[in-house]
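To start, the structure itself, in structure tokens.
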Amino acid sequence: MRKIGIFGGTFDPVHNAHIAVAKAARRALGLDFVIMMTGGNPPHKRENKILDAKLRHIMLKLAVRGEPELVACDWEVKRPQYSYTVNTLKFFSKLYPEGKIYFIIGGDSLEALDTWYMPEQICSLCTIAVYKRNNLHGVIEPIRKKYNADIVEIDGEFLDISSTALRADYDLMMKHTPPAVGEFIKKYGLYRDHGSDMEVLTRLLKPQRLRHSIGVAKLAAELADIYGADRDTAWRSGMLHDIAKNIDYETSLVMCGELEAELDPVERTIPALVHPKLGAELIKCLFGLTEGEITSAVRWHTVGRQGMMLLDKIIFVADMCEEGRSFPGVEDIRKAAHENLDRAALMCINSTIEYNLSSANPVHPGAYAVREWLLKNL
Numbered sequence: 133m134r135k136i137g138i139f140g141g142t143f144d145p146v147h148n149a150h151i152a153v154a155k156a157a158r159r160a161l162g163l164d165f166v167i168m169m170t171g172g173n174p175p176h177k178r179e180n181k182i183l184d185a186k187l188r189h190i191m192l193k194l195a196v197r198g199e200p201e202l203v204a205c206d207w208e209v210k211r212p213q214y215s216y217t218v219n220t221l222k223f224f225s226k227l228y229p230e231g232k233i234y235f236i237i238g239g240d241s242l243e244a245l246d247t248w249y250m251p252e253q254i255c256s257l258c259t260i261a262v263y264k265r266n267n268l269h270g271v272i273e274p275i276r277k278k279y280n281a282d283i284v285e286i287d288g289e290f291l292d293i294s295s296t297a298l299r300a301d302y303d304l305m306m307k308h309t310p311p312a313v314g315e316f317i318k319k320y321g322l323y324r325d326h327g328s329d330m331e332v333l334t335r336l337l338k339p340q341r342l343r344h345s346i347g348v349a350k351l352a353a354e355l356a357d358i359y360g361a362d363r364d365t366a367w368r369s370g371m372l373h374d375i376a377k378n379i380d381y382e383t384s385l386v387m388c389g390e391l392e393a394e395l396d397p398v399e400r401t402i403p404a405l406v407h408p409k410l411g412a413e414l415i416k417c418l419f420g421l422t423e424g425e426i427t428s429a430v431r432w433h434t435v436g437r438q439g440m441m442l443l444d445k446i447i448f449v450a451d452m453c454e455e456g457r458s459f460p461g462v463e464d465i466r467k468a469a470h471e472n473l474d475r476a477a478l479m480c481i482n483s484t485i486e487y488n489l490s491s492a493n494p495v496h497p498g499a500y501a502v503r504e505w506l507l508k509n510l
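Each residue of the sequence shown is one higher than the one before, counting from 133 in the numbering used here.
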């Protein structure tokens with residue numbers, strides 16, 4: 133019978149104590165492997181600001197690199213629903229019907245088990261393997277009796293550190309995170325205050341590009357008022373949309389790989405199409421944003437996508453016709469932008485296709501798909 137450990141956490145960030153617990157559990161319980169599960173949308177932290185799930189999972193993968201018996205899993209990250217433990221255990225029980233599942237938690241989590249969603253089902257689906265960061269006397273037996281729970285203890289000396297403490301002390305974070313994780317945090321400026329949007333953009337963008345970004349923000353805010361989007365969100369999306377524009381092409385490709393920006397084969401060969409995808413991931417790092425309206429608008433502001441949401445369209449159009457733009461037909465697009473956003477978006481995509489064809493530049497196939505989608509909506 134295979135013995136599988138599941139060790140879940142927000143991992144914000146993953147640190148050395150997490151890895152030590154997983155390895156100790158594997159040894160003590162004779163586990164075949166330990167699945168380290170990045171919490172995508174943890175219900176107990178719905179009021180807290182946590183780092184974007186993709187970034188937390190990237191760090192977890194870096195942390196377990198070279199540890200073949202520790203497996204970084206993003207099953208919860210890819211689910212839009214709240215990450216309830218009972219659902220995770222049901223999934224892996226079906227995946228390993230002949231296996232024995234050990235759910236690895238700390239003593240503080242065991243104490244709070246009564247507050248979890250469906251604790252009786254959790255106990256029926258697994259053996260709870262609890263590691264001690266404090267005295268568990270008087271905790272285990274009541275849980276065992278109340279839920280008929282199978283509970284085992286993992287002995288060992290575990291560092292009494294927490295991700296919360298590390299986020300509050302950058303030097304401590306560098307000391308207690310795996311080297312590869314620490315390097316990633318430093319390179320992408322995670323968990324640091326980089327200043328206001330304008331301060332960051334002034335450092336990253338050339339003056340002409342910054343003026344363009346301000347122009348896009350102004351027009352985006354106007355269009356938000358017209359079409360019922362949130363003005364502040366539209367302004368910020370416009371300001372941030374080109375944040376990666378002045379990063380050179382080769383560096384951008386490296387960063388896209390490290391941040392897991394999803395470039396398709398065509399985008400990888402066209403420098404102008406790399407910066408939207410990179411920018412969407414970079415703003416998560418520099419501003420602590422999570423996947424949502426702003427990242428979507430930044431990601432799709434150049435080519436667009438079928439099924440664009442309102443803010444996607446606003447930034448897509450504002451990028452093309454803000455006041456600093458000058459090309460044949462731009463005034464017609466500006467006029468349309470204030471009258472019919474879909475028609476303006478169609479004019480933008482047509483202009484882009486025509487310009488690239490006339491200049492013998494490649495056209496992303498997605499541009500034609502977006503054009504067809506817009507035509508159907510008019």
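C-beta: ideal position from N, C-alpha, C; glycine also.
Helix, strand or coil: how does DSSP classify residue 234 here?
Looking at residue 234 - three-state DSSP - the assignment turns out to be strand.
Does the distance from the C-beta atom of residue 192 to that of residue 224 stay below 7 Å?
Contact: no.
Take residue 408 as the anchor and find which of 421, 429, 420, 246 has the nearest alpha-carbon.
Minimum Cα distance to residue 408 is reached at 429.
Which class does residue 498 belong to by DSSP, given the choice of helix, strand or coil?
In the displayed model, residue 498 falls within a helix according to three-state DSSP.
For a quick check, are the C-beta atoms of residue 252 and residue 216 less than 7 Å apart?
For residue 252 and residue 216, no; Cβs fall outside 7 Å.
Give me the Cα-Cα distance between residue 488 and residue 500, rounded to the nearest whole angstrom.
Those two C-alpha atoms are separated by around 12 Å.
Using the Cβ count rule (16 or more neighbours within 10 Å means buried), how would you classify residue 334?
Burial is judged here by how many other beta carbons sit within 10 angstroms of a residue's own beta carbon; residue 334 has fewer than 16 and is exposed.
What are the start and end residues of each continuous alpha helix (DSSP H) run of 4 or more residues lying completely inside the stretch 142 to 166, in chain order?
Given a length threshold of 4 residues, each whole run of the alpha helix (DSSP H) inside the stretch 142 to 166 is given here in chain order: 148 to 161.
Below 8 Å CB to CB, which residues in the same chain sit around residue 203 once its five sequence neighbours on both sides are set aside?
These residues qualify, in order along the chain: 165, 166, 167, 168, 196.
Taking residue 462 as the reference, give the member of 479, 402, 471, 325 with the closest Cα.
Of the listed residues, the one whose Cα sits closest to residue 462 is 479.
Under the DSSP definition of a beta bridge, which residues are partnered with residue 135?
DSSP lists 232 as partners of residue 135.
Status (buried if at least 16 other CB within 10 Å, exposed otherwise) for residue 401:
Result: exposed.
List in chain order: all unbroken alpha helix (DSSP H) runs of 4+ residues lying wholly within the stretch 322 to 364.
Runs found: 329 to 336, 339 to 359.
Please state if the CB of residue 447 and the CB of residue 326 are separated by a distance shorter than 7 Å.
Contact: no.
Would you list the residues sitting across from residue 205 in a DSSP beta bridge?
Residue 205 pairs with 169.
Whole angstroms is fine: what's the gap from residue 387's alpha carbon to residue 189's?
Those two C-alpha atoms are separated by around 16 Å.
What is the rounded straight-line gap between the Cα of residue 452 and the Cα of residue 313?
Straight-line spacing of the CA atoms in residue 452 and residue 313 works out to 39 Å.
Under 7 Å Cβ to Cβ from residue 250, same chain only, skipping five residues before and after it: list those, please.
Within the same chain, residue 250 has close Cβ partners 218.
Nearest neighbour of residue 309, chosen from 145, 134, 509 [CA to CA]:
In terms of Cα proximity to residue 309, the closest of 145, 134, 509 is 145.
Please list the terminal residues of the continuous alpha helix (DSSP H) segment that includes residue 312.
Unbroken alpha helix (DSSP H) run through residue 312: 311 to 320.
Distance check for residue 254 and residue 519, CA to CA, integer angstroms please.
Any answer about residue 519 is impossible in this case: the structure gives the chain only from 133 up to 510.
Using a Cβ-Cβ cut-off of 6 Å (strictly less than) and excluding sequence neighbours within five positions of residue 183, which residues of its own chain qualify?
Only 144 meet the Cβ criterion.
Does the Cβ of residue 120 have 16 or more other Cβ atoms within 10 Å, making it buried, or fewer, making it exposed?
No information on residue 120 is available, as it lies outside the stretch 133 to 510 that the chain covers here.
Could you tell me if residue 300 is buried or exposed, where buried requires 16 or more neighbouring beta carbons within 10 angstroms of its beta carbon?
The residue is exposed, with fewer than 16 neighbouring Cβ atoms inside 10 Å.
Find out if the Cβ-Cβ distance for the pair residue 321, residue 349 is shorter than 7 Å.
No, the pair does not count as a contact, with Cβ atoms beyond the cut-off.
In the DSSP assignment, find the beta strand (DSSP E) that holds residue 285 and state where it starts and stops.
For residue 285, the uninterrupted beta strand (DSSP E) segment begins and ends at 282 to 286.
Do residue 477 and residue 445 have their C-beta atoms closer together than 7 Å?
A contact, by the Cβ cut-off of 7 Å.
Consult DSSP for residue 487 and reduce its assignment to one of helix, strand or coil.
In the structure shown, residue 487 sits in a helix (DSSP, three-state: H, G or I).
Rounded straight-line distance, which links the Cα of residue 324 to that of residue 389:
Cα to Cα, residue 389 sits roughly 22 Å from residue 324.
Can you give me the C-alpha to C-alpha distance between residue 179 and residue 133, rounded to a whole angstrom?
In this prediction, residue 179 has a pLDDT of 48, which is less than 50 and means its spatial position is unreliable; nothing more can be read from the coordinates.
When you compare each of 271, 256, 149, 379 to residue 241 by their alpha carbons, which one comes out closest?
Closest option to residue 241, Cα to Cα, is 271.
Secondary structure of residue 381, DSSP reduced to three states
Helix.
Could you check whether residue 137 and residue 283 sit closer than 7 Å to each other, using their CB atoms as the reference points?
Taking 7 Å as the Cβ cut-off, residue 283 and residue 137 do not qualify as a contacting pair.
To the nearest angstrom, how far is it from the Cα of residue 364 to the Cα of residue 290?
A straight line joining the alpha-carbon of residue 364 with that of residue 290 spans about 45 Å.
Does DSSP put residue 261 in a helix, in a strand, or in coil?
Here residue 261 sits in strand by DSSP.
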